[in-house]
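The numbers in numbering that gives the first Met the number 0 rise by one with no breaks, and the one at position 5 of the sequence shown is 4.
Ideal placement from N, C-alpha and C gives every residue a C-beta, glycine not left out.
Note that this is a predicted model, so its numbers are computed, not measured.
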Amino acid sequence: MREQRAGKLNQLERLLPEGLLVDAAWLSSHGYSPSLRAKYVASGWLEQPARRVYRRPRGQLGWQQAVISLQTLLGHRLFVGGRTALELQGYTHYVTLSRTQIHLHGPTKPPTWLAALPIKERFVYRNSAPLFGNDLDQVAFPALVPDHASSHGDQAFRDAGLRALPWGQWDWPLTVSAPERAILELLDALPDHESFHQADMLMESLSNLAPRRMQTLLVRCRSVKAKRLFFYFADRHRHAWLKHLDQAAIDLGSGKRMLVKDGRYDSAYQITVPKELDEAP
0 MREQRAGKLN
10 QLERLLPEGL
20 LVDAAWLSSH
30 GYSPSLRAKY
40 VASGWLEQPA
50 RRVYRRPRGQ
60 LGWQQAVISL
70 QTLLGHRLFV
80 GGRTALELQG
90 YTHYVTLSRT
100 QIHLHGPTKP
110 PTWLAALPIK
120 ERFVYRNSAP
130 LFGNDLDQVA
140 FPALVPDHAS
150 SHGDQAFRDA
160 GLRALPWGQW
170 DWPLTVSAPE
180 RAILELLDAL
190 PDHESFHQAD
200 MLMESLSNLA
210 PRRMQTLLVR
220 CRSVKAKRLF
230 FYFADRHRHA
240 WLKHLDQAAI
250 DLGSGKRMLV
260 KDGRYDSAYQ
270 ITVPKELDEA
280 P
């Protein structure tokens, strides 16, 4: 019996890296009963940062471990998107860093225990389906330990506008929106959840977008508002990559869009924007 218990503990050390999170369902699926989990917690082999959530102790819990755990161990199709993804990739030159909110995007909501974790950041969920449909159905997120012999899913991952940022001592993959996808996610949140001023400053800093990826995402994007705003800001900042985009192949819809009251009407893209954007960038 003692050897069996030691074997289960050794197995847990192999399956669950120190610091990452799993839920009770994951532990049950790997053969760890509630009584065994309680014993591990009492012995200090596991800790419970929230109800029905466990991890092998290692340092202070950060939001990155939570997201990486969701993406790898627990199989949730969630990724860091919008403003947070742009901040993580260095596009904060003129914008105040506000990492109190972590923007998560994906086709399904994150588990409720995510909001109960003892971390200072708050997670904000955005459904990715209205913007890009079911584009993640054929996309495989990176594993904790990369399999270099099998890279068949890499192209679909990149085509979806995603990238993996190495994080922590072991370079665990943190899946985020590439800048080309992240800016469309941010623009779609205007004006209710993001500001025109912040979008303007971020668009100014995006001088090195990849035109081919940007074209693909603009064609797939379902938000007329986001696409019109993208071209409005791109024209405003005269980015060099703009001439490589085929605007005629992108559906910008029809009719006017009043995005703000008492604003200025832009006839080129039939949108109403704040009057202060009249000033030269």
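Whole-angstrom Cβ separation of residue i and residue j, contact assumed at under 8 Å?
| i | j | result |
| --- | --- | --- |
| Lys226 | Ile249 | 6 Å |
| Trp112 | Arg51 | 6 Å |
| Leu19 | Gln64 | 6 Å |
| Pro141 | Ala163 | 5 Å |
Apart from the five residues just before and just after residue i, which ones in its own chain have a Cβ nearer than 7 Å to its Cβ?
| i | result |
| --- | --- |
| Leu186 | Ala198, Ala225, Leu228 and Phe229 |
| Lys108 | Tyr124 |
| Glu193 | Arg82 and Leu185 |
| Gln47 | Val40 and Tyr53 |
Among the options, which has the Cα closest to the Cα of residue i?
| i | options | result |
| --- | --- | --- |
| Trp171 | Tyr264, Tyr231, Pro16 and Leu217 | Pro16 |
| Ala233 | Met213, Arg219 and Ala37 | Met213 |
| Ser206 | Val79, Leu241, Gln168 and Arg221 | Leu241 |
| Ser42 | Gln59, Leu8, Ala181 and Arg235 | Leu8 |
| Arg157 | Trp166, Leu135, Val144 and Trp62 | Leu135 |
| Tyr39 | Trp62, Leu11, Leu19 and Gln63 | Leu11 |
| Glu203 | Thr91, Leu19, Ser34 and Glu46 | Thr91 |
| Val66 | Gln88, Pro56 and Glu120 | Glu120 |
| Leu130 | Arg57, Ala188 and Pro33 | Ala188 |
| Pro145 | Pro165, Ser266 and Leu19 | Pro165 |
| Phe122 | Ala247, Pro33, Gly81 and Leu103 | Leu103 |
| Pro110 | Leu276, Leu201 and Trp25 | Trp25 |
| Gly89 | Lys255, Met200 and Gly254 | Met200 |
| His29 | Gly6, Gln47 and Glu46 | Gly6 |
| Leu208 | Ser176, Asp191, Trp62 and Glu193 | Ser176 |
| Gly167 | Asp153, Leu143 and Pro190 | Leu143 |
| Gln246 | Gly254, Lys255 and Arg219 | Arg219 |
| Thr174 | Val79, Met257, Arg211 and Arg13 | Val79 |
Name the DSSP bridge partner or partners of residue i?
| i | result |
| --- | --- |
| Glu179 | Its beta-bridge partners do not exist; DSSP assigns none. |
| Thr215 | The partner list for Thr215 (beta bridge, DSSP) is empty, contrary to what the question assumes. |
| Thr174 | Ala163 |
| Glu46 | Arg54 |
| Arg270 | Note on residue identity: the sequence assigns Ile, not Arg, to residue 270. Arg256 and Asp265. |
| Gly105 | Asn126 |
| Val79 | Leu103 and Val175 |
| Val21 | Tyr53 |
| Arg121 | Gln100 |
Would you mind sorting residue i into buried or exposed? The rule is 16 or more other CB atoms within 10 Å of its CB.
| i | result |
| --- | --- |
| Ser27 | exposed |
| Pro178 | buried |
| Gln59 | exposed |
| Ala148 | Any reading at Ala148 must be qualified, since the residue scores a pLDDT of 45, below 50, and its modelled position is unreliable; the value itself is stated next. Exposed, by the Cβ-count rule. |
| Arg237 | exposed |
| Gly81 | buried |
| Gln70 | buried |
| Ala84 | buried |
| Glu275 | exposed |
Please work out which residues of its chain come closer than 6 Å, Cβ to Cβ, to residue i, disregarding the five sequence neighbours upstream and downstream, and give them in chain order.
| i | result |
| --- | --- |
| Pro273 | Phe195, Val259 and Gly262 |
| Gly105 | Arg76, Leu77 and Ser127 |
| Ala115 | Ala49 |
| Arg180 | Gly160 and Leu216 |
| Tyr264 | Thr271 |
| Trp62 | Ile101, Ile118 and Glu120 |
| Ala23 | Arg51 |
Less than 8 Å between C-beta atoms, sequence neighbours within five positions excluded: which residues of the same chain meet that for residue i?
| i | result |
| --- | --- |
| Leu217 | Leu183, Lys226, Phe229, Leu244 and Ile249 |
| Ala239 | Ser206 |
| Val21 | Leu15, Val52, Tyr53, Arg54, Ser68, Leu72 and Leu73 |
| Leu251 | Val223, Lys226, Arg227, Phe230 and Tyr268 |
| Leu96 | Low local confidence applies: a pLDDT of 48 at Leu96 is under 50, so the model's placement there is unreliable, with the coordinate-based value given in what follows. If we look at Leu96 and ignore the five residues flanking it on each side, its Cβ neighbours are Glu86. |
| Thr99 | Lys119, Glu120 and Arg121 |
| Arg221 | Pro129, Leu130, Phe131 and Gly132 |
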